[in-house]
Structures are given as C-alpha cells and as structure tokens.
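Residue numbers (the numbering used here): 45 to 298.
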C-alpha cells in the first residue's frame with residue numbers, strides 16, 4: 045500500500061544562529077503583505093528594521109552599499125520635508141502679514157475727517173498692526189512756533205527740519221531708507237513713545253514723503269517684542285503701507 049507524502053512549508057536555516065525559519069505566520073498577515081507590499085515599503089520604521097536584520101545576516105565583514113544608500117536617501121528626504129514645512133510656514137506668515145496690512149489700510153481710507161483719521165491710526169489701525177505705540181511726526185520749518193495740537197498730540201507731533209532723518213539713523217543730507225527696522229535693547233525715545241518708551245523692545249521707522257514743496261514726516265511703530273522689528277527682516281509690506289499712508293495724508297495737508 046503506497047502513501048502520498050505530505051507537503052510541508054519550505055524551511056530555511058539561518059547560517060549565523062542555526063535556527064530554522066519558515067513562512068510568516070499567521071497566514072492572514074502573510075497574505076496581506078503579499079497582496080499589499082506598499083504597507084511595508086511606506087513604513088520607514090519597518091523598512092529600517094528589515095534592513096538591520098539583513099545586515100546582521102551578512103556579517104560584520106560585509107559592507108552593505110544598499111543600506112548606506114538608503115540611509116543617505118532617508119537623510120535627504122528628511123531635509124526635503126523640513127524645507128517643505130518651512131516654505132509652507134513662511135507662505136502662511138506672508139499671507140497673514142499681507143491681510144493685516146490690507147485691513148489697516150482699509151480702516152485708514154474710511155476716515156471722513158482728519159480727527160477721525162488720527163483716532164483710527166492710534167486705535168484700530170495700531171491694534172490691527174499689533175503694535176503697542178504709534179507716533180506720527182511732521183517736520184516744520186518753524187518748529188518753535190508750531191501750533192498747539194491739543195488732543196491730537198497723543199498721536200501726532202511736530203519736529204524741526206531734518207529730525208526724522210536723524211532719528212531713523214541717517215546723516216543729514218543723506219537719502220534715508222524708506223523703512224528702518226531695529227531693536228531697542230535699552231528702551232526707546234520717550235519723545236516718540238511716551239510713557240511706554242522703556243517697554244519698547246523694537247521699532248519701525250517709516251519715512252513719509254508728502255509731495256513737492258512739503259517737508260517730510262515719519263511714522264514710528266513700537267512694540268514690546270524685540271523680535272517683531274529687526275534689521276534684516278523683509279520690509280516690503282511696511283513699505284507699501286507707508287506709501288498708502290502718505291498719499292492719504294496729502295488729502296488733509298492740502
């Protein structure tokens with residue numbers, strides 16, 4: 045009487061440990077991996093463990109160039125992912141800054157008289173720009189006889205000819221930069237920021253051109269945050285804001 049030999053799963057012997065291994069169990073897990081190998085390939089931790097196991101089987105005297113290449117590719121992938129996240133974060137930050145400047149400008153354009161214009165400037169506009177102090181300076185050729193500004197002096201002041209350029213850190217006669225950003229480690233000028241001068245950690249000086257035949261002015265934004273305005277930061281949005289502001293001011297200076 046003949047018998048049919050039973051078939052058994054193929055087994056292999058690990059050369060380093062002498063242990064016998066067979067097909068992956070349970071069968072459902074093996075079947076799923078065979079049908080969906082991407083589950084393994086897309087998992088970096090699993091792939092790293094498989095490569096490490098393969099390296100152990102190769103022995104210490106064998107250099108696995110494939111493993112070295114994978115490590116380098118993983119490092120480059122991590123760097124690319126970090127760069128991608130930084131680019132997205134910067135894009136969102138620029139978008140938020142643009143929206144903030146646009147809201148501030150729209151509020152300025154709503155003013156129907158100069159008093160409302162200045163009230164909005166020191167109130168809603170300053171809040172929208174997220175600054176703690178805001179000061180408008182207008183140069184005058186006869187500073188000694190400047191009129192009393194009354195309540196307007198809370199946000200606006202008169203200065204002698206050339207003062208704005210000097211305050212922003214430029215020499216007399218030089219062409220000032222449109223926007224000057226700087227930290228104020230020891231606090232800022234009380235003449236500009238008033239009682240909160242010692243609390244100011246950084247400021248932005250926006251030079252204003254009111255047109256031919258008129259002396260310039262300056263808008264100074266102050267904040268307690270020493271990193272909000274710092275040299276080397278982009279100033280395009282503040283440059284745009286200054287351009288709109290000076291054109292709005294020309295209506296009231298006419």
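Virtual Cβ for every residue (Gly too), placed ideally from N, Cα, C.
If you check the beta carbons only, do residue i and residue j fall under 9 Å apart?
| i | j | result |
| --- | --- | --- |
| residue 266 | residue 176 | yes |
| residue 283 | residue 199 | no |
| residue 227 | residue 270 | yes |
| residue 208 | residue 181 | yes |
| residue 193 | residue 275 | no |
| residue 203 | residue 183 | yes |
| residue 243 | residue 264 | no |
| residue 185 | residue 124 | no |
| residue 245 | residue 272 | yes |
Please name the residue or residues paired with residue i in a DSSP beta bridge.
| i | result |
| --- | --- |
| residue 203 | 183 |
| residue 267 | 246 |
| residue 252 | 261 |
| residue 178 | 265 |
| residue 226 | 247 |
Using the C-alpha atoms, what's the distance from residue j back to residue i?
| i | j | result |
| --- | --- | --- |
| residue 114 | residue 252 | 57 Å |
| residue 162 | residue 196 | 7 Å |
| residue 210 | residue 128 | 42 Å |
| residue 136 | residue 286 | 23 Å |
| residue 85 | residue 77 | 10 Å |
| residue 121 | residue 168 | 45 Å |
| residue 240 | residue 234 | 8 Å |
| residue 281 | residue 249 | 13 Å |
| residue 39 | residue 164 | Given a span of 45 to 298 for the chain in the structure shown, any question on residue 39 remains unanswerable. |
| residue 62 | residue 74 | Its pLDDT being 46, under 50, residue 62 is placed unreliably by the model, and the measurement read from it follows with that caveat. One C-alpha to the other measures close to 23 Å. |
| residue 57 | residue 97 | Only weak support is given to the placement of residue 57: the predicted model assigns it a pLDDT of 47, under 50, and the question is left unresolved by the model. |
| residue 268 | residue 171 | 13 Å |
| residue 201 | residue 236 | 9 Å |
| residue 296 | residue 130 | 43 Å |
| residue 88 | residue 262 | 56 Å |
Exercise. Pairing CB atoms from the stretch 280-295 with CB atoms from the stretch 137-155, are three or more of them under 8 Å?
Worked result: yes
Exercise. Would the stretch 155-162 and the stretch 138-145 be scored as touching if the rule is three or more Cβ pairs under 8 Å?
Worked result: no
For this session: List in chain order: all unbroken alpha helix (DSSP H) runs of 4+ residues lying wholly within the stretch 116-162.
Result: none
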